[in-house]
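Residue numbers are given in full-length UniProt numbering: position 80 of the sequence shown equals residue 80, and the series is strictly consecutive. Here a beta-carbon is modelled for each residue, glycine too, at the ideal position from N, C-alpha and C. All remarks here apply to the structure that follows.
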Amino acid sequence: MNPYMNEFGPNYSSPYSMYTAPGRLFLNPRVPFGYETPRCISQTEADFKSMSRQIWSEHVNWTRMTITSIVFNLPDLPFVQERLLRNATDLANSIRPFYGDQIAHRYGALIKEHLVLAAELVTAAVKGDSQKAEQMEREWYRNADEISIFWSRINPYLSKENVQKMFYLHLSLTKNEAVYMIQKNYNASIEVFDKIAKQASEMADMFSNAIIMQFPHTFQ
Numbered sequence: 001m002n003p004y005m006n007e008f009g010p011n012y013s014s015p016y017s018m019y020t021a022p023g024r025l026f027l028n029p030r031v032p033f034g035y036e037t038p039r040c041i042s043q044t045e046a047d048f049k050s051m052s053r054q055i056w057s058e059h060v061n062w063t064r065m066t067i068t069s070i071v072f073n074l075p076d077l078p079f080v081q082e083r084l085l086r087n088a089t090d091l092a093n094s095i096r097p098f099y100g101d102q103i104a105h106r107y108g109a110l111i112k113e114h115l116v117l118a119a120e121l122v123t124a125a126v127k128g129d130s131q132k133a134e135q136m137e138r139e140w141y142r143n144a145d146e147i148s149i150f151w152s153r154i155n156p157y158l159s160k161e162n163v164q165k166m167f168y169l170h171l172s173l174t175k176n177e178a179v180y181m182i183q184k185n186y187n188a189s190i191e192v193f194d195k196i197a198k199q200a201s202e203m204a205d206m207f208s209n210a211i212i213m214q215f216p217h218t219f220q
């Protein structure tokens with residue numbers, strides 16, 4: 001028996017139940033990550049995949065709002081950052097039924113660090129503190145490595161290399177998004193964000209499909 005397995009309990013409340021990602025992300029069907037051929041899925045599986053996409057969509061949306069508030073020194077920054085950090089809790093809760101409290105807590109801490117480091121990197125860049133920005137970027141990638149190792153240890157369908165590749169792209173795109181905004185190249189920043197939104201759905205699918213393959217009985 002997998003020591004990390006935890007059935008859905010009666011007191012567990014899913015962070016989200018509605019799928020609201022842009023239509024372009026699901027109107028073009030493709031074989032899900034980890035599967036070789038198309039297949040039918042249960043309602044439970046569809047709901048879980050939708051929830052995963054919703055949370056990762058909010059991850060990148062609130063990150064962009066935080067970047068905007070930092071770059072333009074908006075008064076809503078503390079409130080936006082508070083909402084952004086709730087995303088770490090949502091992501092932790094999304095895996096809690098499968099891996100238990102200890103692993104979920106660790107995941108939430110890693111995601112929170114990822115979000116905080118991103119904000120500190122942008123803040124340093126806005127202030128022109130290149131030394132601090134470089135330090136934060138190194139820490140940002142170190143955190144991505146830890147997240148990659150974390151997933152590879154708890155799920156046999158996720159390799160460190162695949163998760164690392166996906167997260168490195170996420171970091172690179174987010175950095176470009178912020179740089180363009182600081183440079184007042186708003187059109188380029190928006191174009192990059194479209195790529196970020198698409199990639200966020202791919203990340204969500206990578207994680208949700210791996211969990212579904214690891215715990216197939218839960219989604220029958």
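Cα atoms of F79 and N61: separation of roughly 14 Å, rounded to the nearest angstrom. In this chain, the alpha helix (DSSP H) harbouring I149 covers 130-154. Residue range 160-182 is occupied by the alpha helix (DSSP H) that includes Y180. In the structure shown, L74 falls within a coil segment according to DSSP collapsed to helix, strand and coil.
Here DSSP, grouped into helix, strand and coil, assigns I212 to helix. A133 sits away from A109, with the two beta carbons spaced by 9 Å or more. Sequence-distant partners of K198 (beyond 5 residues in either direction) whose C-beta falls short of 6 Å from its own C-beta are missing from its chain. When secondary structure is reduced to three states using DSSP, Y157 falls in the coil class, being assigned neither helix nor strand.
Take Q220, set aside five residues on each side of it, and the residues of its chain with a beta-carbon closer than 7 Å to its own are S42, in chain order.
Looking from the CA of E146, the closest CA among Y157, Q131, Y168, K127 belongs to Y168.
Remark: three or more beta-carbon pairs, one from each stretch, lie closer than 8 Å, so the stretch 175-183 and the stretch 121-133 are flagged as touching. Annotation: L173 to P216 spans about 33 Å, alpha carbon to alpha carbon.
Counting every other CB atom within 10 Å of its CB across the protein chains shown gives K112 a total of 16 or more, marking it as buried. Q43 sits in a helix when the DSSP states are folded into three classes.
A Cβ-Cβ contact shorter than 9 Å links L91 with I55.
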